[in-house]
Amino acid sequence: MYWTEWGGKPKIDRAAMDGSERTTLVPNVGRANGLTIDYAKRRLYWTDLDTNLIESSNMLGLNREVIADDLPHPFGLTQYQDYIYWTDWSRRSIERANKTSGQNRTIIQGHLDYVMDILVFHSSRQAGWNECASSNGHCSHLCLAVPVGGFVCGCPAHYSLNADNRTCSGKLQYPPKAARTRRESSILRMLPPKKVYL
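If you count by numbering that gives the first Met the number 0, then the sequence shown holds residues 0 to 197, one letter each, in order.
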């Protein structure tokens, strides 16, 4: 898995799905966001809110290149075939450009408010197979693909992995009545189910 970190010293990190083998790939970034992978070309792409760029590197964080510049406020990012697609909060748009040259920029859709992310779902985006694809690796909850050993089973928060290393157990708890979140001008209220297993 890959992620960006904004606090302290912003960076792009990578780890196995179980959290092991954590390493910093790109140490010198601003507020990197919109992280996406081109699996066919083995390239990592990201938007940077401080530099207003879209950049790319190989999967080891090397061979870093600026793909697109002069972007008012790039945020979400995805890749499909020969193009990168991103959201821009200032232009209120979804845009695209060639993934290697940044040329042929086009606004796909305008008049959008604060689109947080953009994704392409297609089987060609990530071909391949791992042991978690078959019956969830026989894990009761989470099957996590790892580089060595194929997979490990994991559990959600407040559960623990049993001695069989495949099933989880937890205790019944009652959460607060509701959780509230704020997004720009609206507040969302999410009500949990009557009983939640934690």
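The C-beta atom is built at its ideal place from N, Cα and C for all residues, glycine as well.
For clarity, every value in this text was computed on a predicted model and none was experimentally measured.
Exposure label - residue i; buried when at least 16 CB within 10 Å
i      : result
Ala39  : exposed
Arg41  : exposed
Asp37  : buried
Ile53  : buried
Thr105 : exposed
Check whether residue i and residue j have beta carbons under 8 Å apart
i      : j      : result
Cys154 : Cys167 : yes
His72  : Trp88  : yes
Lys98  : Gln78  : yes
Ala162 : Met16  : no
Ile93  : Val119 : no
Tyr82  : Arg91  : no
Gly169 : Tyr158 : yes
Arg165 : His137 : yes
Start-to-end residues for the beta strand (DSSP E) that takes in residue i
i      : result
Cys167 : 167-169
Trp85  : 82-87
Asp12  : 10-13
Gln125 : Segment: none, Gln125 is in no beta strand (DSSP E) and carries neither H nor E.
Ile117 : Looking at the DSSP string, Ile117 is not in any beta strand (DSSP E), and its letter there is neither H nor E.
Asp163 : Note, Asp163: premise wrong, no beta strand (DSSP E); not H, not E.
Ala39  : Counting along the chain, Ala39 falls outside any beta strand (DSSP E), and DSSP gives it neither H nor E.
Glu64  : 64-67
Gly153 : 149-153
Residue i versus residue j - alpha carbon distance
i      : j      : result
Glu20  : Ile11  : 14 Å
Ile66  : Phe74  : 15 Å
Gly60  : Thr22  : 10 Å
Ala177 : Tyr1   : Reliability fails at Ala177, whose pLDDT of 49 lies under 50, so the model's placement of it is uncertain and no value is given.
Ser139 : Cys152 : 8 Å
Ile117 : Leu76  : 6 Å
Inter-residue CB distance, residue i and residue j (contact presumed, cutoff 8 Å)
i     : j     : result
Trp45 : Asn32 : 7 Å
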